[in-house]
Every structure is written in C-alpha cells, then in structure tokens.
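Visitor: Taking the UniProt record's numbering, the leading residue of the sequence shown gets 1, the next gets one more, and so forth.
All residues carry an ideal CB built from backbone N, CA and C; glycine is no exception.
I'd like to ask you about the structure that follows.
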Amino acid sequence: MPNSWVNVLEVPRNSMNLTIKNSKLFVKLKCILILEYHMLYPSGKKVVTYMNAIKEFYADYIMLDGLIEKTTFFTDSEYVNKKFVTEIYKHRIDKLIRVETKYTTKENETVEYFRSGRDDFLKTHTFYGDCNNIKTKRFVTFYNLRLDSMAELNIDENSFITTFNDRSDLLFCRKCIFQQTEKNDCQNLNVKRKPTRWLQEFIWWSRKGQKAMT
C-alpha cells in the first residue's frame, strides 16, 4: 500500500474523542419585534388535545432549548402512560432538529436528528436509557462528508466499533476495547479509561471480483 494513502486517510487515535452529551442546550437568541413574537401564539404556547395524544406548539425563542413543537402519544385516554414523544426544534447551535423517544417497560429509546453543518458531521444519535450514563448503549451515524470516511459508531460500556465507507486504504471497521474501571459500577461519563486492544478489519478483493474482509 503506498505511504501516501495512509498519510491522507490515516485515522488518528484522538479522532474517536466524540463528545456526546444531552443535546438540550440553549439556542442562539436574536432580536425580534414584539409583534412578531406574539403573531403565532398570543401567549407563546398552544395546546391541542386528542383522544390519546397531546400536541404542544411554542413560539420561536420562547423555549431556551429551541423547542417549537411537541407531540406526546399515550397508551390510554387519561394521558398517564407515555408511549411515544416527538419534539421539533429550531435555531439550535448544535443543529438539533428533532428528537423521538419511545417508552418501553425495559428501557427508553431516544433518537436525535441533526441537520448538516456540525464540525463533526453528526447525523443521528440513538441511545437507550439515561444519556449521561456511561453504561448507556449508543449508535451514532454521520453525514458522508468526513475526511476519515467514518460512517457509524456503535458504543457500549466496554468498547466501541467504528465503521468506515469507501476508504482508499480499504479500512472497513475498527474496534476498541477499554480497560475496566476500578469501580465497575461507575456511571460517570467523565471517567477516563485507556484502550487495552485495537482490532481493525480491511476490505480486499479476490481475483474473482468477490468482496471480502480480513
């Protein structure tokens, strides 16, 4: 393999330092007219109730997290047990546009959607349970614009698997296994753990033109 290929597309070890926190940050405010602010909803908020759902509308900038629409579905007409929640956002600094949360008896599934324009080219972030728990399983996808061609990131408590697309050095997959913490029940995301092993898979083509991995 030519050295030039590796120099261009070599993935540095610190490129995996993807910071994923709870995405409900404040929005970038701007000056708007009072008449414009009250034009859509005189009180800044509107609630519409259905048989098994509640839909909430918010005027722009009234919610500090950028929420403009929220739909909550329930399993009953008494609005007690949540089944599914969809949230729509605008004017977010982190480019968040939609959050979908599915409630189950075992663990909740949350999917965050981001529009293009982020420095890390994050597209979706799926996690199960508490977002700030180190044991939370996550699945991250990226827009096809990264220089390292990273496409997906699958994270659990003890490892993460990175998948790449169309790299000229034929790197397809990389797995990192972390060392165990002293307190195995630690739930702090800021705990630093060193990788103990790296595994890499490359794509190669046989003489018959068949695609394979090694």
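#1: Tell me the start and end of each unbroken alpha helix (DSSP H) in the stretch 30-115 that is at least 4 residues and wholly inside, in chain order.
#2: Give the range of the beta strand (DSSP E) segment to which ASN154 is assigned.
#3: Tell me the rounded alpha-carbon separation between THR126 and ARG138.
#4: Run through DSSP, which three-state label would PHE178 get?
#5: Leaving out five residues before and five after residue 284 in sequence, what residues of the same chain have Cβ atoms less than 7 Å from its Cβ?
#6: How far does the beta strand (DSSP E) with LEU122 in it reach, from first residue to last?
#7: Restricting to Cα atoms, I'd like to know which of SER43, ARG167, ASP94 and ILE134 is closest to ASP119.
#8: Could you pull out every residue in the same chain whose Cβ sits closer than 7 Å to the Cβ of LYS90, ignoring the five residues on either side in sequence?
#9: Can you tell me the Cα-Cα spacing of THR101 and ASN108, whole angstroms?
#10: Which of the three DSSP states, helix, strand or coil, is assigned to SER159?
#11: In whole angstroms, what separates the C-alpha of LEU25 from that of ILE88?
#12: Among TYR58, MET63, ILE54 and LYS106, which residue has its Cα nearest to the Cα of VAL85?
#13: Please report the residue range of the beta strand (DSSP E) in which ARG138 lies.
Guide: Taking the coordinates as given:
#1: 34-37
#2: Here residue 154 is taken as the residue at index 154 of the sequence shown, counted from 1. Where ASN154 is concerned, the enclosing beta strand (DSSP E) stretches over 150-155.
#3: Translated into positions along the sequence shown, residue 126 becomes position 126. Translated into positions along the sequence shown, residue 138 becomes position 138. Near 5 Å, if we compare the C-alpha coordinates of ARG138 and THR126.
#4: Residue 178 sits at position 178 when you count from the first residue of the sequence shown. Looking at PHE178 - three-state DSSP - the assignment turns out to be strand.
#5: One cannot answer for residue 284 here, as it falls past the ends of the chain, which runs 1 to 214.
#6: For the purposes of this step, residue 122 is taken as the residue at position 122 of the sequence shown. Note, LEU122: beta strand (DSSP E), 122-128.
#7: Numbered from its first residue, the sequence shown carries residue 119 at position 119. The option with the nearest alpha carbon to ASP119 is ASP94.
#8: Counting from 1 along the sequence shown, the entry for residue 90 is found at position 90. If we look at LYS90 and ignore the five residues flanking it on each side, its Cβ neighbours are ASP60, GLY66 and ILE68.
#9: Start at 1 with the first residue of the sequence shown, and residue 101 comes out as number 101. Start at 1 with the first residue of the sequence shown, and residue 108 comes out as number 108. In a straight line, the C-alpha of THR101 is about 7 Å away from that of ASN108.
#10: Counted from its first residue, the sequence shown places residue 159 at position 159. Of the three classes helix, strand and coil, the one that applies to SER159 here is strand, per DSSP.
#11: Counting from 1 along the sequence shown, the entry for residue 25 is found at position 25. Counting from 1 along the sequence shown, the entry for residue 88 is found at position 88. With a pLDDT of only 48 at LEU25, under 50, the local geometry of the prediction cannot be trusted, and no value is derived from it.
#12: Counting from one through the sequence shown, the residue named residue 85 turns up at place 85. Taking only the C-alpha atoms, the option nearest VAL85 is ILE54.
#13: Numbered from its first residue, the sequence shown carries residue 138 at position 138. Where ARG138 is concerned, the enclosing beta strand (DSSP E) stretches over 138-142.
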